[in-house]
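First comes the structure, then the notes that go with it.
Residue numbers (my numbering): 61 to 110.
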């Protein structure tokens, strides 16, 4: 996931008016934020079950 985000960032530095790629980048960043938030919230519960 992080590689694709970095690739989109590089692409957007060159193609600044590419709106569709920008929206895709924002969606991936928000998805990553949600996953990290979920992991931080439920991390203790998962570790105690193992």
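Heads up, the beta-carbon is just placed ideally off N, CA and C, and yes, glycines get one too.
Spatial neighbours of residue 85 in its chain, beta-carbon cut-off 6 Å, leaving aside the 5 residues before and after:
Reading the chain shown from its first residue, position 25 is the one you call residue 85. These residues qualify, in order along the chain: 68.
To the nearest angstrom, how far is the alpha carbon of residue 94 from that of residue 81?
Looking up residue 94 in the chain shown gives position 34. Looking up residue 81 in the chain shown gives position 21. Whole-angstrom Cα-Cα distance: 20 Å.
Where the alpha helix (DSSP H) containing residue 62 begins and where it ends:
Against the chain shown, residue 62 aligns to sequence position 2. Residues 62 to 74.
In angstroms, rounded to a whole number, what distance separates the CA positions of residue 125 and residue 74?
Outside the displayed span of the chain (61 to 110) sits residue 125, for which this structure offers no information.
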